[in-house]
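For reference, the structure is listed below as structure tokens.
Protein chains: 2
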Amino acid sequence: MAEHAQFDELARQLSAVGAVKRDLVRVLPPECPGGSAAVLTLLGRHGDMRMSKLAELLAVDLSVTSRHVAHVAARGWIERHPDPADKRSRILRLTTAGQEQLDELSRRTSQVLAERLGDWTDDEVAQLIRLMTRLRSSFGDCRSPSARPSAPVVEETTRTPAST
Amino acid sequence: MAEHAQFDELARQLSAVGAVKRDLVRVLPPECPGGSAAVLTLLGRHGDMRMSKLAELLAVDLSVTSRHVAHVAARGWIERHPDPADKRSRILRLTTAGQEQLDELSRRTSQVLAERLGDWTDDEVAQLIRLMTRLRSSFGDCRSPSARPSAPVVEETTRTPAST
DNA sequence: TATTGTTATACTCTATAACTATA
DNA sequence: TATAGTTATAGAGTATAACAATA
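The listed protein sequences correspond, in order, to chains V and Z. Each residue of the first sequence is one higher than the one before, starting from 1 at the first, in full-length UniProt numbering. Each residue of the second sequence is one higher than the one before, starting from 1 at the first, in full-length UniProt numbering.
See the structure below:
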């Protein structure tokens, strides 16, 4: 049962890594909280996309995505164009100002990481990135619609809206 | 400048790993949100300790720690004993019920991780744990009181309380 | 009828500041 | 005066549910 202790430890690390993320978020420009930064980053990396696609990449609910997108759109960092193929959809596109904001984000977070990880080798950073990517993939795969078995493992739904 | 892209990617992974953490928190027992689970885990692992020590291990403010501790204490999972050496302090101790709750937490999170990480080797999990531990250490070291230089790197203090 | 997206509501986590009590 | 801890308040992130528009 050595694996059990390993999983306990991994759970602990996952719980604690939030502090690192907070340190990174703290250096973001004003008016640009973490949620906005994530939207800009993903749009810059993957190009124009619909809300639903962005929500999937963010791994949060569409309603959450909608709020983050409204925030960055209100500041002129992205534009929401109608989708000619589906009038319900909106195509998101980074503006020039958004690209500049994204560059600034990148500068700041990279600087912080460069300072903190000064004694890390390129290979170590690459390895951490690889393992975190795989971790997300191992979890994300279970969230696809096809991956829902007929009977859940535990039968508690926990969906009751706080019956206090 | 290959490192720059690497840091960008690491920042992205850090931002996105929250989804994994949320998946893990979702399976926790009722009445035991993530903050409570972290308190129980650290008390179980490191033994009795003071509030300030726990806050340091949690890497959150003492005020946040106080709230989490109040939550678990109200449910009988820990006890707060007066410190004979310093009447301002409180010594936290896991109760029997708290230990049982902790065992249940461990069971549930380990089960989820075992399912999701079924195709991971022990070595891969160990490596991820090692790198995450080092990441936290690389960031945490800068937070010690001695690590504050006379002049900060950038002169923006960002401490102004939102001058909107 | 199902899907895309928005909005209202509620909950968790966090930090800052003011406060009490000890040191 | 400084430190340990509590509480009040505010801000960010998220999920669920109800809704509008379109497929």
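Note that the Cβ used here is the ideal one computed from N, Cα and C, for glycine as well.
- Annotation: Arg12/Z to Asp103/Z spans about 33 Å, alpha carbon to alpha carbon.
- When 7 Å is used as the limit between beta carbons, Leu117/Z is near these residues of chain V: Ser138, in chain order.
- Taking a contact as a CB-CB distance under 8 Å, the pair Val27/Z and Arg136/V does not count as one, their CB atoms being some 17 Å apart.
- Three or more Cβ pairs closer than 8 Å define a contact, and the segment 61-68 of chain V falls short of that threshold against the segment 103-120 of chain V.
- Note that the segment 91-101 of chain Z touches the segment 48-61 of chain Z; at least 3 beta-carbon pairs, one per stretch, sit closer than 8 Å.
- Looking only at Val20/V, Val72/V, Asp61/V, the smallest Cα-Cα distance to Gln101/V is reached by Val72/V.
- Residue range 90-94 is occupied by the beta strand (DSSP E) that includes Leu94/V.
- Residue burial is scored here from C-beta neighbours: Ala38/V has at least 16 other C-beta atoms within 10 angstroms and is therefore classed as buried.
- Excluding its 5 nearest sequence neighbours in each direction, Gly35/Z has C-beta neighbours in its own chain below 6 Å: His68, listed in chain order.
- Not a single C-beta of chain V is nearer than 8 Å to the C-beta of Ser66/Z.
- Proximity of Met49/Z to chain V, defined by a Cβ-Cβ separation below 8 Å, is not satisfied.
- From the listed residues Val20/V, Leu40/V, Ala19/V, the smallest Cα separation to Pro29/V is found for Leu40/V.
- For Arg80/V, the enclosing beta strand (DSSP E) stretches over residues 78-82.
- For the C-beta of Arg12/V, the chain Z residues within less than 7 Å are, from N- to C-terminus, Thr41.
- Nearest CB-CB separation between His4/V and chain Z: below the 8 Å threshold.
- The shortest CA-to-CA distance from Phe139/Z to any of Ser138/V, Trp120/V, Leu131/V is the one to Trp120/V.
- Using a Cβ-Cβ cut-off of 8 Å, Ser110/V counts as an interface residue toward chain Z, since at least one Cβ of chain Z sits closer than that to its own.
- In this structure Asp8/V touches Ser110/Z by the C-beta definition: roughly 6 Å separates them, less than 8 Å.
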